[in-house]
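First residue of the sequence shown: 23, per our numbering; consecutive thereafter. Glycine included, every Cβ here is placed at the ideal spot set by N, Cα and C. Below you'll find the structure, written out as structure tokens, and then a few comments.
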Amino acid sequence: MSLPKNIVFFDGVCGFCNKSVDFLLKVDGRGRLLFSPIQGETAKRILPAERRENVDTISFFDGERVFYRTTALLKIARLLGGIWLVFYPLIVVPAEWRDVAYDWVAKRRYRIFGKREACRMPSPEERARFLD
Numbered sequence: 023m024s025l026p027k028n029i030v031f032f033d034g035v036c037g038f039c040n041k042s043v044d045f046l047l048k049v050d051g052r053g054r055l056l057f058s059p060i061q062g063e064t065a066k067r068i069l070p071a072e073r074r075e076n077v078d079t080i081s082f083f084d085g086e087r088v089f090y091r092t093t094a095l096l097k098i099a100r101l102l103g104g105i106w107l108v109f110y111p112l113i114v115v116p117a118e119w120r121d122v123a124y125d126w127v128a129k130r131r132y133r134i135f136g137k138r139e140a141c142r143m144p145s146p147e148e149r150a151r152f153l154d
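Here it is as structure tokens:
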């Protein structure tokens with residue numbers, strides 16, 4: 023069975039992560055992105071166990087490879103196109119450097135943005151874009 027592509031894996035109980043998904047749903051006018059909580063079944067099929075246990079990072083599956091942290095964000099920006107392409111040249115900066123700020127926010131996201139008791143429930147209009 024072939025796997026869907028352009029999947030954004032996110033921490034389903036993270037307030038900031040859910041707000042980020044809301045933002046991506048809004049700016050992805052062509053509906054190219056799909057979404058799955060890292061706690062879901064799709065993540066179990068695609069992401070290695072150690073990545074599913076580390077919910078501190080966004081992951082992006084393009085159909086062939088999985089990208090993490092800022093590389094995932096830059097790949098998503100490239101897919102969205104338009105104004106978001108302005109960020110893609112940052113891909114030449116080593117990931118270790120780009121990920122410093124990302125990791126700082128990721129480690130504090132529950133404290134800053136809160137934590138939900140359950141994963142986000144998509145609206146009926148959004149349901150087709152969520153895999154789990």
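Strand pairing of residue i, partner residues [DSSP]
{"i": "Leu102", "result": "Looking at the DSSP assignment, Leu102 forms no beta bridge with any residue, so it has no partner."}
{"i": "Ser145", "result": "Answer is none; Ser145 lacks a bridge partner."}
{"i": "Tyr90", "result": "Ser81"}
{"i": "Ser24", "result": "Answer is none; Ser24 lacks a bridge partner."}
{"i": "Leu56", "result": "Ile29"}
Residue burial classification, residue i (beta-carbon count within 10 angstroms, cutoff 16)
{"i": "Pro146", "result": "exposed"}
{"i": "Pro70", "result": "exposed"}
{"i": "Ser24", "result": "exposed"}
{"i": "Asp33", "result": "buried"}
{"i": "Ile12", "result": "Limits of the chain in this structure are 23 at one end and 154 at the other, which puts residue 12 out of reach."}
{"i": "Pro111", "result": "exposed"}
{"i": "Val114", "result": "exposed"}
{"i": "Lys41", "result": "exposed"}
{"i": "Ala65", "result": "buried"}
{"i": "Ala94", "result": "buried"}
{"i": "Lys97", "result": "buried"}
Residue nearest to residue i in terms of C-alpha spacing, selected from the options
{"i": "Val49", "options": "Ala128, Glu86, Phe32, Leu102", "result": "Leu102"}
{"i": "Trp126", "options": "Pro144, Arg91, Asp84", "result": "Arg91"}
{"i": "Ile29", "options": "Phe45, Gly37, Leu55, Tyr132", "result": "Leu55"}
{"i": "Glu75", "options": "Asp44, Phe152, Lys27, Phe31", "result": "Phe31"}
Cut-off 7 angstroms between Cβ atoms - residues of its own chain near residue i, not counting five sequence neighbours on either side
{"i": "Trp106", "result": "Ala99"}
{"i": "Glu63", "result": "Asp154"}
{"i": "Glu148", "result": "Leu47"}
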